[in-house]
Every structure is written in structure tokens, then in C-alpha cells.
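With this note's numbering applied, the sequence shown corresponds to residues 32 to 772, in that order. In this text, a Cβ means the ideal position worked out from N, Cα and C, and glycines have one as well. On a predicted model such as this, the values are computed, not experimentally measured, just so you know. Structure first, commentary second.
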Amino acid sequence: MAMELSMILRATMVGVAPIALAVAADAAVSVDSEAKVFRLDGGGVTYAFGVDEKGYLQPLYWGPSLAPRDKLSAGAAPELSGFDPAGSVTAQEYPGQGEGLVTEPGLKVAFANGNRDLVLKYQGYRIAGDTVTIDLTDIERPLFVSLRYNIDPATGIIARDATVRNAGTAPVRVDQIASAILTLPNQPDYRLHYFSGRHAAEWTLNTQPVGSALTVLESRRGSTGHQSDPWFAIDRASESAEESGPVWFGALAWSGSWRISVGADNLGRVKIAGGYNPYDFSWRLKPGESLSTPTFYAGYSTAGMGGASRLMHRFQLAHILPGAPAPKLRPVLYNSWEATEFNVNEAGQMRLAEKAAAIGVERFVVDDGWFGARNNDRAGLGDWVVNRSKFPNGLAPLIDKVHGLGMSFGLWVEPEMVNRDSDLYRSHPDWVLYYPGRPRTEGRNQLVLNLARDDVRDHLLKTLDDLLRQNDIQLLKWDYNRNWTEPGWPQMKPEDQQRVYVRYVQNLYYILSELRRRHPGVEIESCSGGGGRIDLGIMRYTDQVWPSDNTDPYDRLTIQDGFTHAYAPAVMMAWVTDTPNWANGRSASLTYRFLSSMQGSLGIGANLDKWTDQDFATAKAMVAAYKTIRETVQRGDLYRLLPPSPGNERSATLYVSRDKRQAVFFQMLHSSMRRDNPLAVALRGLSAEMNYHVRTIDGSSLPAGMPQAASGSYWMTRGVNLLQRGDFVGDALVFEASDRS
Ligand code: GLA
32 MAMELSMILR ATMVGVAPIA LAVAADAAVS VDSEAKVFRL DGGGVTYAFG
82 VDEKGYLQPL YWGPSLAPRD KLSAGAAPEL SGFDPAGSVT AQEYPGQGEG
132 LVTEPGLKVA FANGNRDLVL KYQGYRIAGD TVTIDLTDIE RPLFVSLRYN
182 IDPATGIIAR DATVRNAGTA PVRVDQIASA ILTLPNQPDY RLHYFSGRHA
232 AEWTLNTQPV GSALTVLESR RGSTGHQSDP WFAIDRASES AEESGPVWFG
282 ALAWSGSWRI SVGADNLGRV KIAGGYNPYD FSWRLKPGES LSTPTFYAGY
332 STAGMGGASR LMHRFQLAHI LPGAPAPKLR PVLYNSWEAT EFNVNEAGQM
382 RLAEKAAAIG VERFVVDDGW FGARNNDRAG LGDWVVNRSK FPNGLAPLID
432 KVHGLGMSFG LWVEPEMVNR DSDLYRSHPD WVLYYPGRPR TEGRNQLVLN
482 LARDDVRDHL LKTLDDLLRQ NDIQLLKWDY NRNWTEPGWP QMKPEDQQRV
532 YVRYVQNLYY ILSELRRRHP GVEIESCSGG GGRIDLGIMR YTDQVWPSDN
582 TDPYDRLTIQ DGFTHAYAPA VMMAWVTDTP NWANGRSASL TYRFLSSMQG
632 SLGIGANLDK WTDQDFATAK AMVAAYKTIR ETVQRGDLYR LLPPSPGNER
682 SATLYVSRDK RQAVFFQMLH SSMRRDNPLA VALRGLSAEM NYHVRTIDGS
732 SLPAGMPQAA SGSYWMTRGV NLLQRGDFVG DALVFEASDR S
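See below:
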């Protein structure tokens with residue numbers, strides 16, 4: 032079937048007028064209305080799908096840019112055998128669960144009369160702005176599905192979501208709904224990369240071959256969870272590496288129970304499905320009602336895992352984070368949680384604030400313990416009133432002091448939780464998630480408020496709004512310290528209770544967005560006992576995240592290496608804390624701890640009351656040095672030159688500013704194993720022609736034999752040779768372009 036680009040629609044055009052337009056280099060959405068082929072082009076990527084003669088919407092292509100003249104077409108598949116009917120053999124962009132489908136459905140429903148056969152076929156398309164919407168409908172029932180697509184012209188990252196609408200007169204039960212099904216080109220040796228983890232041990236990267244055994248990444252916990260993260264990357268074992276070869280990757284923007292499945296069908300076609308987790312989920316769609324999915328973002332890189340993550344970082348800065356496309360740089364913060372735990376009070380925090388300001392800290396954050404009867408984790412959650420025995424005059428004197436020292440002020444909250452021992456729980460025991468007559472399982476002595484309830488939502492919004500009105504606060508550290516256990520919503524009809532998985536998160540997003548609207552100067556950090564709620568959904572409302580409660584500087588290198596595969600260093604808070612570390616008892620020098628944390632957004636969480644003069648001097652110098660490289664670390668391109676994998680003697684990262692005029696190289700020695708380590712590390716991403724002067728980050732002398740300046744080409748081929756000896760030794764070099772030669 033000839034594919035004529037009979038209609039090319041520029042991304043900026045609205046409407047579907049059948050006018051032939053010239054092919055524009057930056058055309059994002061093009062439609063061949065004759066062949067019924069749709070193309071998204073941008074950032075060196077083409078994504079295409081089309082309609083076959085039976086009306087199925089088929090995936091056609093996802094990979095490096097095709098030429099506009101390249102022909103694509105969808106042909107109907109015949110049955111393979113009596114065991115594989117035509118409908119189930121046809122690759123579909125969004126199959127309904129019907130007709131013998133044996134792969135992951137886009138949508139699985141039960142109609143009121145018990146019929147569970149759903150066959151979705153093409154009905155039409157719409158274009159508005161840079162978004163193309165494909166309408167599908169069941170072959171017989173008035174159930175409609177709209178699939179939305181757009182592509183980011185800079186990164187080639189595609190955004191997909193789906194909406195199901197019940198236009199019938201009886202309810203329809205939705206049992207499973209995906210945001211998207213993605214199909215990879217028919218190629219061999221795909222490898223899946225994904226995260227595993229638990230509290231204080233998040234962001235472990237795993238790799239396994241993609242085969243016909245379905246792999247399910249998921250959270251059944253009600254929130255994103257520490258156990259995995261809604262992100263995947265798939266590369267080719269024979270072709271791909273950290274900086275080369277193809278990588279397909281994606282992330283689901285959802286902070287509730289989620290599921291991403293990856294596997295090959297019996298014809299070897301690899302499919303990735305992502306959306307709400309169908310585990311314990313259902314949604315009774317009333318007549319006239321719609322249900323929409325979160326967005327599934329998906330991208331393609333030709334530059335390996337490093338290239339894939341740099342695209343994700345740029346995309347987050349340009350499109351996801353508050354303030355995008357120019358989110359603010361993260362200030363250097365201080366937080367005394369590890370040092371003082373619940374023992375916060377006005378005098379102690381003022382003393383720490385003075386010390387923090389003296390070393391160049393820009394934001395002072397008061398953590399848990401400032402409110403209600405919160406002297407330990409058994410009481411007080413839910414009562415967001417200042418504890419007057421700790422802060423006799425409220426928070427105002429401390430906040431004024433912090434501001435007077437030139438710092439902004441941050442405050443910890445955990446709004447979605449309640450201790451049994453709290454005034455809120457005593458007056459509203461029915462506000463939590465529970466099943467009547469069943470135990471209410473506690474986690475860290477707390478229960479989860481049922482935020483799916485609109486009265487709970489309104490209470491929390493008002494409480495936090497009042498807190499922000501009454502206090503001059505610049506950051507909320509928003510915590511969430513347990514998972515769901517008995518997710519009952521007894522105030523709803525039994526058939527509607529499982530809406531809780533969606534309504535809860537929608538109300539959370541509502542509160543966050545409403546607080547931001549009402550208080551545009553307030554930033555928010557997403558924390559969940561460390562990295563338990565980090566995803567592209569929450570990141571739309573939060574400026575920074577807390578990747579892990581594990582603050583050990585060596586463990587953090589692995590955590591940061593994993594984290595940056597999916598998320599930007601700009602949001603990755605990293606504190607310098609006390610040694611030996613609480614998590615594993617390891618000791619490391621203050622310089623090593625700083626150099627580990629300076630690879631993300633720097634914070635300090637040590638007990639400054641115990642620091643020596645030398646510690647203060649070191650910290651002051653390192654904070655000042657960080658400010659000279661902060662923009663490069665938080666906005667630049669990250670190259671993971673040597674991973675800190677267990678067994679590796681040393682690791683190295685490089686951050687290159689977008690204009691390539693500055694680069695920062697970190698080399699961290701774990702434990703030297705031989706007499707010396709002579710191998711040089713080649714830099715990447717510099718301009719070959721520019722001349723770069725190099726200096727150590729702390730002003731110490733350069734290693735013997737290292738030139739003070741050389742071309743980018745030199746640094747990228749000869750590399751840098753930093754001899755390190757001992758245990759837990761860190762170095763950083765800063766490269767500044769001086770001129771063009
Ligand atoms: C969680 C957070 C910590 C700290 C404590 C306070 O564990 O991850 O950073 O805020 O709660 O209780």
C-alpha cells in the first residue's frame with residue numbers, strides 16, 4: 032500500500048482540515064489519511080501506527096527517525112492456526128480483552144450482563160495542538176476509548192494516555208486499564224533494566240534478558256513504593272552499552288499502585304504495558320462516566336543508557352518539574368533529622384541555624400518533631416499545631432532568625448498519616464483506610480488517612496494552607512512513611528470501594544497543585560521514608576526528592592548511579608551526615624562525604640554541634656566550591672564514566688554544562704586493591720576544539736604530570752589519571768573552557 036503523506040499537520044496547527052501542507056522539518060504529527068497511518072516525529076525519533084483493513088490500530092514503528100517519504104502501512108494479520116485467531120495475532124496499539132487475546136490488554140471490562148468480550152476498532156482521529164487523539168470503540172457496545180499521543184520535539188519522548196467512556200445506559204466494570212502498550216521492533220537479544228529495592232536500599236539496577244516469560248514490575252502498596260519504580264529501559268545485548276547502541280525507555284507518571292509488564296508474545300514481539308495496577312483494582316464506570324489513565328512517557332536513544340538518561344533528565348527539567356522549562360536551582364540546605372531526631376526546639380535549632388549559615392547553607396529545614404505531642408514516632412501525627420513546649424512562641428522567632436541569617440526556611444510534614452495517639456484520630460477514627468471489624472495494621476505506629484475521601488482532602492488542604500499562611504515557609508518536606516494494609520473505604524458502596532487506588536492519588540495531586548497555586552513561593556520535597564514515592568507524577572508538583580534514608584556516602588554512590596538512570600541529579604537531594612553512618616556503621620572522611628553529596632543537590636544533615644573547627648573550614652570550602660559547579664551538576668549532562676558497582680575499585684562521574692564551558696569530574700576510590708591504579712579515565716561530552724583549564728575542586732595541586740590546560744580532544748582521549756590510595760578517597764576536578772584554539 033503506497034504511503035503518500037497526503038496530509039502533514041504542523042504541531043502548532045489545530046483542527047483536522049484535510050489540506051495538504053508542505054513537509055516541515057519540525058512536523059511533530061503527520062497523518063496519511065488515505066493509508067490511515069499516523070506518525071510522530073521529533074528529537075531524532077519516529078513513532079508510527081496505523082489502521083488495517085479490519086479496523087485494528089496497529090503499531091508500525093518506534094526507533095530512529097525515518098525519512099518523510101518512507102512508506103509504512105498496516106496489513107491485517109491472518110489467523111496463525113486454530114490456536115491463534117487473527118484478532119489475537121494482530122499486533123495492536125491498545126487491544127481490548129476479547130476475541131481470545133492472550134497478551135496484556137489495554138482495557139479489560141465486564142458489561143452489566145456479564146459479557147466480558149471487548150474488541151476495539153478504529154473510529155477516527157482528532158488533532159489539537161501537538162496532540163493526536165485516536166478514537167476507538169467496541170465493535171458493538173457504546174464503549175469508547177481515546178488514545179492521546181504527543182512527542183517532545185527536543186528529546187523525542189512520547190507521551191501516551193488513554194480514556195475510557197461509557198456511553199451506554201448500564202454501568203461497566205473496568206478491571207484493567209493501561210496507559211499504553213508499546214511494541215518494540217522485531218529484533219533479538221533485548222535486555223530489560225529495572226529497579227529493585229527496599230527502605231534505605233533503593234535504586235538497585237537489575238538486568239535480565241527479555242523473553243516470553245512475562246516480567247512484571249509493580250507496586251501493590253497504594254503508592255509508588257521502594258520495591259521498584261515505574262521506569263524501565265530495554266537495550267540490545269549485542270549492540271548496547273552505557274554510551275552506545277539503542278535503548279528504549281519509559282516511565283509512568285503515577286504515584287499510586289502501578290504496573291509495567293514486559294514480555295514477548297508467541298511470535299516474539301516484545302510488548303511493554305504500563306498503567307494502573309489491576310491488582311485489587313476495579314472501577315464501576317457509570318453511564319456517561321469516563322476514566323483516564325496516567326501518562327506513560329516513552330523514549331528512544333541511540334547513545335546507550337547514558338544517552339537515555341540524559342534525555343530523561345532534560346525532559347524532566349523542560350516539561351515535568353514545577354517551573355519547567357526553567358526550574359530553580361536547588362539551594363544548599365541543612366536538616367538536623369539524623370543529628371537531633373525528634374529533639375527539636377527553638378534554642379537548639381537557632382544554634383544550628385547560626386552554624387549552618389556560617390558555612391554557606393542557604394536553606395534551613397526543621398524536620399519531624401515540631402508539632403503536636405510528637406516526642407517520638409508513637410504520637411502526634413495528624414495534629415499540625417506547633418508544640419509550645421518546644422517552640423513557646425510558635426515558629427515565628429525561629430523563622431525570623433533563619434531569614435535574618437540569609438537562609439530560607441523549610442518544614443517537615445507528613446499530612447496523609449495519623450497516629451492513634453493524636454487528637455485527629457480521636458475525633459475522626461473513620462477517616463483512615465480500614466475494613467470495619469478488622470484489625471487496623473499499623474506501620475511505624477501510624478495509620479493512613481483515606482485521602483480518597485473528599486472531606487479528608489478538604490481538611491488537609493485547609494490545614495496546610497493555614498500553616499503556610501501563618502508561617503513564612505519556603506519549603507515543605509512532604510513525607511509518607513508507610514504502605515497500605517487494609518485499603519477499605521467502608522463509606523462507599525462495596526462495588527465502588529476499589530476506586531480508592533485512583534481517587535486517593537488524584538486528591539493528593541489536587542492538594543499539591545492547589546497549595547502551589549495559592550503559595551507560589553513555596554517549594555515541596557517528595558519524601559517517603561527515603562525514595563518510596565518518586566515518579567514523574569509526583570515530580571510535576573515537587574521540586575526535589577529524597578532518594579533514600581541511607582545517607583552513607585559510599586552506598587549513596589550506588590543509589591545515585593541507579594537513581595540517575597531515571598531521574599535528574601537536579602532533584603536528587605544528597606546530605607552530608609555524621610560518621611560512622613547510622614545505616615551501616617561505615618566511617619568516611621568529611622571530604623569524601625562532601626564529594627559524594629556534591630554529585631547531586633547538596634545538603635548537610637550532620638550534627639554541627641559536634642563539628643571541629645577543621646570540619647567547619649572543610650565544609651565552608653566545599654559548600655563554596657559546590658556553588659561554583661552547582662549549575663553544571665544540576666542542569667548539565669551526566670556521564671556515568673565508571674559505575675560504582677560492587678567489586679569495582681573506583682567509580683567516576685562527569686557533569687558537562689549545556690554550553691560545554693564547564694565540566695566537573697568526580698572520582699571515588701572504594702578500596703585500593705593493588706599498588707597503583709594507572710588506568711586513565713577518558714572524559715566525554717566536551718567540545719573537542721575548546722581549551723580547558725583544570726583545577727582541583729579544593730584548590731590543592733594537580734596530580735604530577737597532568738597538564739594545567741589541554742583541548743577537549745586531549746581530555747576525551749588521553750583522559751585523566753588520578754592516582755588514589757587507601758579506602759574511601761574522593762577527588763574532583765573542574766574543567767573550565769578558556770578559549771577556542
Ligand atoms: C522519614 C524521612 C526522614 C525523616 C523521618 C522523620 O524516615 O525519610 O528523612 O524525615 O521520616 O520522621
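_So, at 6 Å on beta carbons, what are the nonlocal neighbours of S559 in its own chain, with the 5 sequence-adjacent residues on each side left out?_
Only Y511 meet the Cβ criterion.
*Fully enclosed by the region 407 to 480, which beta strand (DSSP E) runs are 3 residues long or longer?*
439 to 444, 448 to 450 and 477 to 479
_If contacts are defined as beta-carbon pairs under 8 Å, then A268 and D220 qualify, I think. What distance do you get, rounded to the angstrom?_
4 Å
*Could you tell me whether the region 189 to 209 touches the region 318 to 329, where touching means 3 or more Cβ pairs closer than 8 Å?*
yes
_Nearest-residue set for ligand 1, Cβ under 6 Å from any heavy atom_ = W368, D398, D399, W443, D510, N512, C558, G560, G561, W577 and D580
*Report the option in V176, D148 and I170 whose CA atom is closest to the CA atom of R157.*
Ranked by how close their Cα comes to the Cα of R157, the residues V176, D148 and I170 have V176 in first place.
_By the DSSP assignment, the alpha helix (DSSP H) with R661 in it spans what residues?_
Following the DSSP letters along the chain, one finds R661 inside the alpha helix (DSSP H) bounded by residues D644 to R666.
*Please work out which residues of its chain come closer than 7 Å, Cβ to Cβ, to A244, disregarding the five sequence neighbours upstream and downstream, and give them in chain order.*
G294
*With DSSP collapsed to three states, give me the class of F346.*
helix
_D646 beta carbon less than 8 Å from that of L621_ = yes
*Same chain only: Cβ atoms within 7 Å of L455, ignoring 5 sequence neighbours per side*: Only G413, D414 and V449 meet the Cβ criterion.
_L532 vs F312 beta-carbon contact at 8 Å_ = Looking at the sequence provided, one finds Tyr at residue 532 rather than Leu. In this structure, the beta-carbon distance from Y532 to F312 falls below 8 Å.
_Three CB pairs or more closer than 8 Å across the region 75 to 83 and the region 91 to 103_ = yes
_Below 8 Å, how does it come out for the region 324 to 336 and the region 541 to 551: are there three or more Cβ pairs, yes or no?_
No, the region 324 to 336 is not in contact with the region 541 to 551.
*DSSP-derived helix/strand/coil call for E273*: DSSP places E273 in coil when its eight states are reduced to three.
_Proximity to A719 [Cα-Cα], best of G743, R726, R706 and G730_ = G743
*With C-beta atoms as the reference, is L213 less than 8 Å away from Q239?*
no
*Quick one: Cα of Q380 to Cα of G561, how far?*
23 Å
*Check the DSSP bridge columns for M603 and list the partner residues they point to.*
DSSP output for M603 lists V576 as bridge partner(s).
_6 Å Cβ shell around T516 - same chain, five flanking residues per side excluded_ = T472
*asked:* Looking at E662: is its Cβ nearer than 8 Å to the Cβ of M604?
replied: no
*Spatial distance of L506 from L364 (CA atoms)*: 11 Å
_Cβ contact check for the region 300 to 308 and the region 161 to 169: 3 or more pairs under 8 Å_ = no
*With DSSP collapsed to three states, give me the class of S632.*
strand
_Measuring straight from C-alpha to C-alpha, what distance separates K359 and V576?_
14 Å
*Please list the segments of the alpha helix (DSSP H) lying wholly inside the region 307 to 332, counting only runs of 4 or more residues, in order along the chain.*
none
_Mapping the DSSP letters down to three states, classify L71 as helix, strand or coil._
The three-state secondary structure of L71, taken from DSSP, is strand.
*Uninterrupted beta strand (DSSP E) stretches inside the region 665 to 736 (no shorter than 3 residues)*: 668 to 673, 681 to 687, 693 to 702 and 721 to 727
_Own chain residues within Cβ distance below 7 Å of G276, not counting five before or after_ = Once the five neighbours on either side are set aside, the close Cβ partners of G276 are D266, R267, E270 and G335.
*According to DSSP, is H230 helix, strand or coil?*
coil
_Taking 8 Å as the cut-off, does the region 729 to 739 touch the region 675 to 691 (at least 3 CB pairs, one atom from each stretch)?_
Judged by Cβ distances under 8 Å, the region 675 to 691 makes no contact with the region 729 to 739, as fewer than three pairs qualify.
_Rounding to the nearest angstrom, what Cα-Cα distance links D580 and E385 in this structure?_
25 Å
*Do you know whose CA, among T168, A355 and P738, lies nearest R749's CA?*
Residue P738 is the option with its Cα nearest to R749.
_Helix, strand or coil at L245 [DSSP, three-state]_ = Coil.
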